[in-house]
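These notes are about the structure you will find just below.
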Amino acid sequence: MADLRYGPEPVFGSCADGNPETFCQLVVNTTLYPALLVDLGPVWEQVASRGTQWFTFVLSVLMTGWFVYNFYTGHCGWEVIFVTTIEFIKIIIELFYEYETPCMIYSVFGPVTSWLRYIEWLLTCPVILIHLSNLTGLDEEYSARTMGLLTSDQGTICFGITSALSRHGLIKIITFLVALCFGVSTFYSASRVYIESYHQVPKGLCRKLVRYLTTMFFCSWLMFPLLFLAGPEGMVYLTWSGSTIGHTVADLMSKNIWGLIAHYLQVKIREHIILHGDVRAKVEKTVAGHTFEVEGFRDEGDDDAEAVSESKLDRRNSFQLIAARLEKKGEQVKLGRKGEMGDDDSEMGDSMKNPAMAGMPINPMPGITAVQGGGGGFGGGGGQMDPQQQMQMMMQMMQMQQQQQQQQSPQSIQQNMMGGMPQQQQNMMGGMPQQQMIGGMDGMGGMGSGGMQMGGSPSPSGQLSPGQMSPGGTNMGGQNMGMMGMQPGMQNMGNYNQPGMYNMGNYNQPM
1 MADLRYGPEP VFGSCADGNP ETFCQLVVNT TLYPALLVDL GPVWEQVASR GTQWFTFVLS
61 VLMTGWFVYN FYTGHCGWEV IFVTTIEFIK IIIELFYEYE TPCMIYSVFG PVTSWLRYIE
121 WLLTCPVILI HLSNLTGLDE EYSARTMGLL TSDQGTICFG ITSALSRHGL IKIITFLVAL
181 CFGVSTFYSA SRVYIESYHQ VPKGLCRKLV RYLTTMFFCS WLMFPLLFLA GPEGMVYLTW
241 SGSTIGHTVA DLMSKNIWGL IAHYLQVKIR EHIILHGDVR AKVEKTVAGH TFEVEGFRDE
301 GDDDAEAVSE SKLDRRNSFQ LIAARLEKKG EQVKLGRKGE MGDDDSEMGD SMKNPAMAGM
361 PINPMPGITA VQGGGGGFGG GGGQMDPQQQ MQMMMQMMQM QQQQQQQQSP QSIQQNMMGG
421 MPQQQQNMMG GMPQQQMIGG MDGMGGMGSG GMQMGGSPSP SGQLSPGQMS PGGTNMGGQN
481 MGMMGMQPGM QNMGNYNQPG MYNMGNYNQP M
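With the first letter of the sequence shown counted as 1, position 168 gets the number 168 in our numbering; the numbers rise by one all the way through.
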């Protein structure tokens with residue numbers, strides 16, 4: 001047994017012709033069966049190993065349920081739910097199949113590797129670092145910093161697995177050192193995140209939580225390379241049960257406890273914003289020669305604080321739920337309630353500012369201008385009018401029309417509709433109705449008396465700016481052929497035409 005080699009050996013005479021000088025098969029002298037011994041440690045160590053696993057399993061199940069509850073009733077990031085779910089699934093498999101293949105890989109060259117452990121790392125560590133890169137939970141996009149954390153972490157795990165699968169020797173040492181270099185890069189990027197987050201979060205409790213997260217992160221993540229060196233993959237100072245205890249405790253700290261504190265931090269940040277408003281201040285810091293600038297959340301009384309006038313944070317569902325919960329407790333919230341009429345940050349406010357969101361006709365111009373059209377279709381100068389001036393002008397036009405109708409007999413009105421005496425026509429932006437015009441004259445830049453055009457800036461003869469008038473209006477023998485059917489006795493001042501009504505802008509108002 002002392003001369004037994006762990007590499008493949010040729011079996012001479014294994015070919016079909018039986019030539020003893022040739023070989024077609026290899027034999028791999030391995031300790032797998034039956035000589036391979038896996039040291040589980042004494043009985044008390046095995047019991048302690050199972051106890052830590054069961055404790056972490058129960059805790060992970062309870063935390064997953066609590067996180068899911070908060071996800072629907074308040075705020076909870078998907079990261080902590082994912083990590084704790086993977087954690088309890090891994091442990092329940094480990095409890096019953098820890099030493100079975102493929103959970104444990106028994107290499108023909110001797111090394112024994114806990115593949116289930118590395119699967120969990122590949123699934124959970126990137127998600128933890130994604131959570132770390134957005135510690136406040138307020139960023140909507142992942143940054144280059146996130147990509148750097150993920151890349152270095154993948155390098156650490158991949159080369160760590162390679163080192164675990166390697167036999168004791170130079171390759172094992174080199175791959176471990178490469179994994180260590182990637183780990184140092186991960187720690188450096190993580191330290192920058194924690195420093196920036198410390199200056200970004202509100203003062204007081206939130207900054208204490210960032211310090212707790214920093215301590216928990218570095219202490220727990222440093223345990224993994226130390227356990228690798230001391231365990232069966234390295235110097236074999238620990239038994240498999242001792243290695244399981246150490247890794248279970250490290251997982252409990254780096255995943256469950258860290259995730260719980262990170263979740264609590266995000267909730268407290270949201271409560272601060274809801275109670276004090278979205279008030280921020282730019283902070284510039286230099287750490288280890290690297291200068292960075294962050295927007296830190298502050299109180300209204302701070303000298304360098306500046307409120308965000310158009311904050312969109314209250315549109316998020318988590319802010320709505322937390323604000324409602326705080327209001328039930330009697331707290332006065334400043335951010336987080338939407339849906340009020342006239343609230344610019346609410347869905348109703350958005351529909352007022354953007355008619356397309358509410359299914360309303362879209363005014364293609366940013367503002368309505370009045371252009372006095374002269375005879376012969378030459379447009380006069382126009383200027384912007386506020387809504388109050390527009391309404392006053394509309395009311396004057398309505399009164400003029402009513403007076404004209406009262407002075408005319410029904411017969412004269414009919415004659416005017418069929419091409420009699422000219423009368424002033426008014427048109428607003430939007431669809432142009434097919435109306436019987438008076439003597440083939442209108443006030444939209446065509447031949448005839450002065451008309452009132454509600455459009456944009458001054459128009460050239462016979463034209464309006466794009467989007468103000470519907471094309472197709474043609475004067476033929478006293479008829480103006482437009483887009484819509486004939487609407488006698490009405491004035492078109494918008495997008496909709498209804499007999500007996502003035503259509504001013506996007507809304508119909510009765511005469």
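Cβ atoms here follow ideal geometry from the backbone N, Cα and C, with glycine treated the same way. Quick caveat, the model's predicted, so the values are computed rather than measured.
A direct Cα-Cα distance of roughly 57 Å separates F187 from E21. Counting only the Cα atoms, D299 lies some 11 Å from G204.
Using a C-beta cut-off of 8 Å, the segment 37–49 makes contact with the segment 226–239, since at least three inter-stretch Cβ pairs fall below that distance. DSSP places K208 outside any beta strand (DSSP E); the residue lies instead in the alpha helix (DSSP H), whose first and last residues are L205 to A230. In the structure shown, S60 falls within a helical segment according to DSSP collapsed to helix, strand and coil. When L209, W258 and E331 are compared, the shortest CA-CA separation from I274 is found for E331.
Taken atom to atom, the span from the alpha-carbon of Q402 to that of M391 is near 17 Å. Remark: C-beta atoms of S163 and K172 approach each other more closely than 8 Å. Distance from I157 to T146 at the Cβ level is roughly 17 Å; contact not present, criterion being Cβ atoms closer than 8 Å.
The residue from P111, G65, L116 and W44 with its alpha-carbon nearest to that of H247 is L116. With contacts defined as CB atoms closer than 8 Å, I269 and P202 qualify as a contacting pair. Going by DSSP, R280 is part of no alpha helix (DSSP H) but of the beta strand (DSSP E) stretching over V279 to V287. Contact between G277 and K334 holds: their C-beta atoms lie close to 4 Å from each other, under 8 Å. The residue from G77, L180 and V294 with its alpha-carbon nearest to that of R316 is G77. In summary, K312 is exposed, with fewer than 16 beta-carbon neighbours lying within 10 Å of its beta-carbon over all protein chains present.
Comparing alpha carbon positions, the residue from C125, G110, I322 and I245 closest to I91 is I245.
In the same chain as F217, and ignoring 5 residues on each side of it, the C-beta atoms closer than 8 Å to its own belong to L132, A190, Y194, S254 and W258, in chain order. In the DSSP annotation of this structure, the continuous segment of the alpha helix (DSSP H) that includes I274 starts and ends at W258 to H276. With a cutoff of 8 Å on beta-carbon distance, I81 and T101 are scored as not near each other. For the pair E271 and A323, the Cα-to-Cα distance works out to about 8 Å. In the same chain as G148, and ignoring 5 residues on each side of it, the C-beta atoms closer than 6 Å to its own belong to S189, in chain order.
In the DSSP assignment, E293 is bridged to E284.
In the structure shown, V201 falls within a coil segment according to DSSP collapsed to helix, strand and coil.
When the Cα atoms are used, F159 and N19 turn out to be separated by approximately 43 Å. By the criterion of a C-beta distance shorter than 8 Å, L227 is surrounded in its chain by L238, S243, G246, H247 and A250, once the five residues flanking it on both sides are discounted. A distance below 8 Å between beta-carbons, with the five flanking residues on each side excluded, links F12 to the following residues of its chain, in chain order: P20, E21, T22 and F23.
In chain order, T56 place their CB closer than 6 Å to the CB of L252, counting only its own chain and leaving out the 5 sequence neighbours on each side. According to DSSP, residue pairing for T113 in a beta bridge involves I105.
Taking C-alpha positions only, A48 is separated from F319 by approximately 43 Å. Only buried fits V127, as 16 or more other CB atoms lie within 10 angstroms of its CB.
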